[in-house]
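In this text, residue positions in the sequence shown follow full-length UniProt numbering: the first is 1, and each later residue adds one.
From the three backbone atoms N, C-alpha and C, an ideal C-beta is built for every residue, glycine too.
What follows is a single structure, written as structure tokens, with notes after it.
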Amino acid sequence: MRRYQDAGNDVDKAQEKLRVFFGWSKASNMPRLYAKAYFETRLAEVWDEKFDHFVDALRRTVPEAGR
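Right under this line is the structure:
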């Protein structure tokens, strides 16, 4: 999914390419489920990064709390 989106494909086009690659039928929910797993993972990565920046900012604001 990431490779297809990095290549400039929108979500629908990326899902269609996955459908062809894996041999999923037109009625299969697998491309949607695969996309969901991709976005949940990506959301967790973004959240972790933002949380780390937030914690670092707090530690810089109150330096003795980081010790």
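Query, Result
"Count the other C-beta atoms from every protein chain shown that fall within 10 angstroms of the C-beta of Ala37, then say buried if there are 16 or more, exposed otherwise.", "exposed"
"According to DSSP, is Trp24 part of a helix, a strand, or is it coil?", "coil"
"Please determine, among Val11, Arg60 and Asp56, the residue with the shortest C-alpha to C-alpha distance to Arg32.", "Val11"
"Checking 8 angstroms against the spacing of the C-beta atoms, do Ala35 and Gln15 come in under that value?", "yes"
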